[in-house]
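Student: First residue of the sequence shown? That's 28 in our numbering, and the numbers climb one at a time after it. Even for Gly, the Cβ is constructed at its ideal location relative to N, Cα and C.
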Amino acid sequence: MRSRVAALTISSLALFPPAILLPIVEIEKLGHHHQSSLLSGIRDLFQVGEWRIGIIIFVFSILFPLAKLLILLELSWVQILTSNQRSLAYRWMERVGKWSMLDVLLLAILVMWIKLQGLVAFQFGPAIFAFALCVIMSLLAALALDPHALWEEIP
Numbered sequence: 028m029r030s031r032v033a034a035l036t037i038s039s040l041a042l043f044p045p046a047i048l049l050p051i052v053e054i055e056k057l058g059h060h061h062q063s064s065l066l067s068g069i070r071d072l073f074q075v076g077e078w079r080i081g082i083i084i085f086v087f088s089i090l091f092p093l094a095k096l097l098i099l100l101e102l103s104w105v106q107i108l109t110s111n112q113r114s115l116a117y118r119w120m121e122r123v124g125k126w127s128m129l130d131v132l133l134l135a136i137l138v139m140w141i142k143l144q145g146l147v148a149f150q151f152g153p154a155i156f157a158f159a160l161c162v163i164m165s166l167l168a169a170l171a172l173d174p175h176a177l178w179e180e181i182p
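1. Taking 8 Å as the threshold, find out whether the region 160-176 comes into contact with the region 95-103 through three or more Cβ pairs.
2. Might you give, ordered along the chain, the residues of its own chain that have their beta carbon closer than 7 Å to the beta carbon of S63, omitting 5 neighbours on each side?
3. Write down the C-beta distance between S103 and V32 rounded to the nearest angstrom, noting that I regard them as a contact closer than 8 Å.
4. Can you find the residues in the same chain that come closer than 6 Å, C-beta to C-beta, to H61, ignoring five residues on each side of it along the sequence?
5. Buried or exposed for V105, going by 16 or more other Cβ atoms inside 10 Å?
6. Which residues in the same chain have their Cβ closer than 8 Å to the Cβ of A116, if we skip the five residues on either side of it in sequence?
7. In angstroms with no decimal places, state the Cα-to-Cα distance between F151 and A135.
8. Quick check on DSSP: helix, strand or coil for S64?
9. So who's on the other strand from I54, going by DSSP bridges?
10. What number of angstroms, rounded off, separates the C-alpha of I24 from the C-alpha of Q112?
11. Assuming S67 and A168 form a contact by the criterion Cβ under 8 Å, report the distance between their Cβ atoms to the nearest whole angstrom.
12. Is it right to say K125 is buried, meaning 16 or more other beta carbons lie within 10 angstroms of its own, or is it exposed?
13. For F43, report the span of its alpha helix (DSSP H) as first-last.
14. Reducing DSSP to helix, strand and coil, say where Q106 ends up.
15. Shortest alpha-carbon distance to K56 belongs to which of F149, L166, P153?
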């Protein structure tokens with residue numbers, strides 16, 4: 028169980044940087060091209076004064092998912108935390124993981140693609156594939172985690 032969770036988590040972590048840094052979509056409207064990544068979109072929100080929305084998207088689409096993956100990695104492989112710290116980390120991951128918005132963001136991108144097809148020309152960038160795989164690996168890792176087996180292995 029632990030090796031499967033660790034492998035899925037490491038795969039998801041490896042896909043995370045390209046998913047947020049590479050262009051996720053390229054939009055063309057009236058001859059104007061614009062490429063945007065998740066991180067550049069957040070930066071753009073800050074630049075136009077929409078810092079509240081930028082913070083919300085950063086926290087729920089980058090910070091919480093990354094924290095969840097790091098906790099999954101710790102619980103399944105690294106194990107540097109004490110038993111009490113691991114218990115707290117697991118409970119935190121369970122609570123905060125529900126607020127992680129990677130899967131919702133992926134769905135929003137697909138809805139945008141369907142709705143805007145006739146209005147603007149756009150193509151998905153390489154990040155969409157990394158992003159989709161990151162979401163799938165993260166979900167599979169969380170599903171594969173057996174908390175009862177974790178606590179039985181603690182000395």
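Tutor: The answer reads as follows:
1. yes
2. On the sequence shown, residue 63 is found 36 positions in, with the first residue counted as 1. Excluding positions up to five away in sequence, the list reads P50, I51, V52.
3. As a position in the sequence shown, residue 103 is number 76, starting the count at 1. As a position in the sequence shown, residue 32 is number 5, starting the count at 1. Confirmed, Cβ separation roughly 4 Å.
4. Here residue 61 refers to the residue found at position 34 when the sequence shown is read from its first residue. So the qualifying residues of the chain are I54.
5. Counted from its first residue, the sequence shown places residue 105 at position 78. With a threshold of 16 other beta carbon atoms within 10 Å, V105 falls short and is exposed.
6. Within the sequence shown, the letter at position 89 stands for residue 116. The residues are I98, E101, L102, L108.
7. Residue numbering aside, residue 151 sits at position 124 when the sequence shown is read from its first letter. Residue numbering aside, residue 135 sits at position 108 when the sequence shown is read from its first letter. Cα-Cα distance, rounded: 13 Å.
8. If you number the sequence shown from 1, residue 64 lands on position 37. Reduced to three states, the DSSP call for S64 is coil.
9. Reading the sequence shown from its first residue, position 27 is the one you call residue 54. In the DSSP assignment, I54 is bridged to H61, F149.
10. The structure shown has nothing for residue 24, since the chain only spans 28 to 182.
11. Here residue 67 refers to the residue found at position 40 when the sequence shown is read from its first residue. Here residue 168 refers to the residue found at position 141 when the sequence shown is read from its first residue. Not quite, the Cβ-Cβ distance comes to about 27 Å (not below 8 Å), so this is no contact.
12. By one-based count along the sequence shown, residue 125 stands at place 98. Exposed: under 16 other Cβ atoms inside 10 Å.
13. Taking the sequence shown and counting its residues from 1, one reaches residue 43 at position 16. F43 -> alpha helix (DSSP H) spans 29-48.
14. The sequence position of residue 106 within the sequence shown is 79, counting from 1. Q106: coil per DSSP, three-state reduction.
15. Within the sequence shown, the letter at position 29 stands for residue 56. Of the candidates F149, L166, P153, the one whose C-alpha sits nearest the C-alpha of K56 is F149.
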